[in-house]
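A.B. asks:
Residue numbers (the numbering used here): 359 to 1149.
1) Where does residue 775 land, buried or exposed, given buried means 16+ other C-beta within 10 angstroms?
2) Strictly by DSSP, which residues pair up with residue 608?
3) Apply the 10 Å Cβ neighbour rule to residue 1064 and answer buried if 16 or more other Cβ atoms are within range, or exposed otherwise.
4) Flag this pair as yes or no: are the beta carbons of residue 840 and residue 769 separated by less than 8 Å?
5) When we look at the beta-carbon of residue 1031 and count the other beta-carbons within 10 Å, is it buried (16 or more) or exposed?
6) So who's on the other strand from residue 763, going by DSSP bridges?
7) Which term fits residue 1179, buried or exposed, when burial requires 16 or more other beta carbons within 10 angstroms of its beta carbon?
8) Among 833, 999, 751, 436, which has the Cα closest to the Cα of residue 675?
9) Going by the DSSP bridge assignment, what does residue 658 pair with across the sheet?
10) Taking DSSP as the reference, what is the three-state secondary structure of residue 643?
11) Here's a check: name, in chain order, each residue in its chain whose Cβ is nearer than 6 Å to the Cβ of residue 1081, leaving out the five neighbours to either side.
12) So for residue 475, helix, strand or coil by DSSP?
13) When the Cα atoms are used, what is the spatial distance from residue 852 to residue 796?
14) Does the stretch 666-682 come close enough to the stretch 538-548 that 3 or more CB-CB pairs lie under 8 Å?
15) Starting from the C-beta of residue 784, find all residues in its chain whose C-beta is less than 7 Å away, skip the five residues before and the five after it, and write them out in chain order.
16) Taking a contact to mean a Cβ-Cβ separation below 8 Å, would you say residue 905 touches residue 927 in this structure?
17) Return yes when the Cβ of residue 827 is within less than 8 Å of the Cβ of residue 761, no when it is not.
18) Return the CA-CA distance between residue 1047 and residue 705, expressed in angstroms with no decimal places.
19) Taking 8 Å as the cut-off, does the stretch 894-905 touch the stretch 692-708 (at least 3 CB pairs, one atom from each stretch)?
20) Would the C-beta of residue 688 count as close to the ligand MG, meaning under 7 Å from any of its heavy atoms?
21) Looking only at its own chain, which residues have a Cβ that is under 6 Å from the Cβ of residue 300, when we skip the five neighbours before and after it?
22) Use the C-beta contact count for residue 843: other C-beta atoms within 10 angstroms, 16 or more gives buried, fewer gives exposed.
23) So, helix, strand or coil for residue 369, using DSSP?
24) Less than 8 Å between the beta carbons of residue 663 and residue 892, yes or no?
25) Candidates 581, 816, 475, 966: which alpha carbon is nearest residue 1157's?
26) Pull up the distance between the alpha-carbon of residue 368 and that of residue 384, whole angstroms please.
27) Are residue 639 and residue 1045 closer than 8 Å when you measure CB to CB?
28) In three-state terms, what does DSSP make of residue 573?
29) Could you name the residues of the same chain whose beta carbon sits closer than 7 Å to that of residue 872, not counting the 5 residues immediately before and after it, in chain order?
30) Start and end of the beta strand (DSSP E) containing residue 747?
31) When you compare only the Cα positions, how much space is there between residue 753 and residue 986?
32) Suppose you measure from the CA of residue 370 to the CA of residue 413; what does that come to, to the nearest Å?
33) Please report how far the alpha carbon of residue 703 lies from the alpha carbon of residue 813, in whole angstroms.
34) Counting pairs of Cβ atoms below 8 Å between the stretch 508-528 and the stretch 454-469, do you hit three or more?
35) Between the alpha carbons of residue 711 and residue 820, how many angstroms are there, rounded?
36) Determine the burial state of residue 1101: buried for a count of at least 16 other Cβ atoms within 10 Å of its Cβ, exposed for fewer.
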């Protein structure tokens, strides 16, 4: 009898068929589930994606907002240029791929055909610059410097140039208003990167970067980029599966960016820049008896601050550069010149990024610390010519001795040994080399209360904090450098740095007596920035309020309406009382009338426009002295520093006096003409605007004529000044000798005539001078531990 079923299939075959059926049904169920997922559950999402696959975006950049000075003068604006662009979509529709069109275009523009072809090719991993890294559907600019004649030839022969357009386009322009440079303050633009575009692809509005966007990379352009940038227009094109345009899916018009009003006064900015350049030129022609060569004066900075608000009226940094180098993309050659060692790094804003020891300008902090520690304002303190501390002799400048003097006199004549004694006495009270568990550390604590060792919060990027070398810093610095010090010590050298390495290898974490006394006169490891010192001296002027420095005052719409005001912000109060403030105020006035700055301010109308000052000459290991002069009036604080520029008053005195003369309308003999004053009081109000959004510039009665060294009547300005190339910076002549001038200190050089070849754009010291700073040195200057903080 057979076991074969009637179907003719064995049991094994049946099982296989069943398994096959189950498998087929499972696949069908999976397919059905997937179809349901795609077409029903996520239908909207995938419909949108499918639609997006045949939509391409063409971006029309927004016109960037303008940056204005306090009166409405355009500092950074836009100028119209003829831009010739090519559409790749139209080129690809030509039989030869557009090769003939590009050849004719190159001939009209006077460019090599190869250059034109390279500009319109698309960038990828294998294609070097130049190439186009934006959307292939975006018109690609070939030149932004087309002439009117070239544009007319292209537009009149449209049949010869299909896909080629020539139209006016707004391009960034840094105007050099009133001759002011302001490169580091304004900043610059550059195109967004592919990475920035991809990271913001899923965002909208200002949060999304588009391939054609230019964004701020430095200065105000960077900090207020969202306000200035505007919103780009987008045209959505429908394309087929071959990428050919078949229709228009909608257009969104671009929106112009807002304008930014600053507290900068372009006229004052010009005066500050020129006088900083003059001071550096004078220093380079002044002999340094210590090093037996002329001063290098390799860099400098100056700040003018409104003492009642913290707003910046002017900020200069040298060396500098032309910010228009960045417009349209900076060339490799120009970028190399801005970042090479020989240029001394002009991209740095030394007003907020240049750190150095403050020298004797720091003594207002030390005076406050001493009073807080319990030392009397009515007491007298010995000012010998030298002191021996920890086996080392610490000298007064030129070994001068003033006997027993008050703290006021110590500030006026800048007696180092008074502050050595106070700091050493306080160091001993804190336990000396074996400190108490909780030392008072008044001198370090007070510096922190003055805002040192921390960023001021100014609305400019990349500010540095400076340094207060307290016990915490000493320990951290030792932990990070112990191995290097010990390795250097083992080599057995006898140089100054070798001796320091030997000491630090053993106990570099300790706060030694020498550290304490050097710190008290603004030497040692202390580092400050010019803007920090301007804020400190502003607080002394305004009654004790530390304001946060700001450059921007308000954001204004393109039509001239207020979007938001940027109000002054008080961060802290002076740590002492009003009696101490008045005491320091009187002492710093004495610096002008009979102290270390008197020889530069002889004949100044002190009874009508009271000035206050503190000079400082900071010693830096391996370099010439750094000039510091920190000053204030009832309206302004003005700080200037020049690296390797000589003494405080000798290097910066003439320049700061000329700035005050321009502000208040004072001539060389001390006569005041209020009608000739550039800015006798800070400008509080915002500028007024016309209905079209252009600022209404109030005519100035007088303007400074640097070429003649006088104040001349100002021409009546137009309501809305047109943009024009920045005029060349003009030097300021030296001050005329004042009648019965006070004699200069023994180390001061005679006045030097203006060097016509020196301008604010000078990139470096004279040829043949020692090599300038490295990038690290520029940002952080090591000081001489045995320095004396000369005044």
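Glycine residues also receive a C-beta, built at the ideal position from the N, C-alpha and C atoms. Note that the coordinates shown come from a computational prediction; the quantities given were computed from them, not determined experimentally.
C.D. replies: In short:
1) Against the chain shown, residue 775 aligns to sequence position 417. Buried: at least 16 other Cβ atoms inside 10 Å.
2) Looking up residue 608 in the chain shown gives position 250. DSSP lists 594 as partners of residue 608.
3) Here the question's residue 1064 lines up with position 706 in the chain shown. The predicted position of residue 1064 is uncertain, since its pLDDT is 46 and thus under 50; a value taken from the coordinates is nonetheless stated next. Classification for residue 1064: buried.
4) Stepping through the chain shown from its first residue, residue 840 is reached at position 482. Stepping through the chain shown from its first residue, residue 769 is reached at position 411. Cβ atoms of residue 840 and residue 769: not closer than 8 Å.
5) For this step, residue 1031 is matched to residue 673 along the chain shown. Looking at its Cβ environment, which holds fewer than 16 other Cβ atoms inside 10 Å, residue 1031 is exposed.
6) Stepping through the chain shown from its first residue, residue 763 is reached at position 405. Residue 763 is bridged to 739.
7) Residue 1179 lies beyond the residue range present for the chain, which begins at 359 and ends at 1149; the question has no answer from this structure.
8) Indexing the chain shown from 1 puts residue 675 at position 317. It is 999 whose Cα lies nearest to the Cα of residue 675.
9) As a working note, residue 658 is residue 300 in the chain shown. Beta-bridge pairing links residue 658 to 676, 1000.
10) To locate residue 643, count along the chain shown from 1; it is residue 285. Correct three-state label for residue 643: coil.
11) Translated into positions along the chain shown, residue 1081 becomes position 723. At residue 1081 the pLDDT is 43, less than 50, meaning the model places this residue with poor confidence and gives no usable figure here.
12) Counting from one through the chain shown, the residue named residue 475 turns up at place 117. Residue 475: helix per DSSP, three-state reduction.
13) As a working mapping, residue 852 is identified with position 494 in the chain shown. As a working mapping, residue 796 is identified with position 438 in the chain shown. Cα to Cα, the separation comes out at about 37 Å.
14) As far as the Cβ criterion goes, the stretch 538-548 touches the stretch 666-682, which means the pair count is three or higher.
15) Counting from one through the chain shown, the residue named residue 784 turns up at place 426. Correct list, in chain order: 731, 800, 801.
16) Numbered from 1 along the chain shown, position 547 holds the residue referred to as residue 905. Numbered from 1 along the chain shown, position 569 holds the residue referred to as residue 927. Against a cut-off of 8 Å, the Cβ pair of residue 927 and residue 905 comes out as a contact.
17) The residue you call residue 761 lines up with position 403 of the chain shown. The residue you call residue 827 lines up with position 469 of the chain shown. Cβ atoms of residue 761 and residue 827: not closer than 8 Å.
18) For the purposes of this step, residue 1047 is identified with residue 689 of the chain shown, where counting begins at 1. For the purposes of this step, residue 705 is identified with residue 347 of the chain shown, where counting begins at 1. Their Cα atoms are separated by approximately 33 Å.
19) no
20) Absent from the structure shown: the ligand MG. Ligands present: none.
21) The structure shown does not extend to residue 300, since the chain is modelled only from 359 through 1149, so no value can be given for it.
22) In the chain shown, counting from the first residue as 1, residue 843 sits at position 485. With 16 or more other Cβ atoms within 10 Å, it is buried.
23) As a working note, residue 369 is residue 11 in the chain shown. Look at residue 369 here: in three-state DSSP terms it is helix.
24) What you label residue 663 is simply residue 305 of the chain shown in a count that begins at 1. What you label residue 892 is simply residue 534 of the chain shown in a count that begins at 1. Closer than 8 Å, so yes.
25) Summary: the structure shown does not reach residue 1157, with the chain confined to residues 359 through 1149, and so no result is reported for it.
26) Along the chain shown, one-based indexing puts residue 368 at 10. Along the chain shown, one-based indexing puts residue 384 at 26. Cα to Cα, residue 368 sits roughly 25 Å from residue 384.
27) One-based indexing of the chain shown puts residue 639 at position 281. One-based indexing of the chain shown puts residue 1045 at position 687. Contact: no.
28) Looking up residue 573 in the chain shown gives position 215. Three-state result, residue 573: strand.
29) Sequence index remark: in the chain shown, residue 872 carries index 514 (1-based). If we look at residue 872 and ignore the five residues flanking it on each side, its Cβ neighbours are 747, 748, 750, 1143.
30) Locating residue 747 in the chain shown gives position 389, where the first residue counts as 1. 744-747 is the span of the beta strand (DSSP E), which, as asked, contains residue 747.
31) Taking the first residue of the chain shown as 1, we reach residue 753 at position 395. Taking the first residue of the chain shown as 1, we reach residue 986 at position 628. Rounded to whole angstroms, residue 753 to residue 986 spans 20 Å at the Cα level.
32) Indexing the chain shown from 1 puts residue 370 at position 12. Indexing the chain shown from 1 puts residue 413 at position 55. Per the coordinates, the alpha-carbon of residue 370 lies some 57 Å from the alpha-carbon of residue 413.
33) For the purposes of this step, residue 703 is taken as the residue at position 345 of the chain shown. For the purposes of this step, residue 813 is taken as the residue at position 455 of the chain shown. C-alpha separation (whole angstroms): 22 Å.
34) yes
35) If you number the chain shown from 1, residue 711 lands on position 353. If you number the chain shown from 1, residue 820 lands on position 462. In a straight line, the C-alpha of residue 711 is about 7 Å away from that of residue 820.
36) Residue mapping note: residue 1101 aligns to position 743 of the chain shown, counting from 1. With a pLDDT of only 42 at residue 1101, under 50, the local geometry of the prediction cannot be trusted, and the value read off the model is given with reservation. Answer is exposed; the Cβ neighbour count stays below 16.
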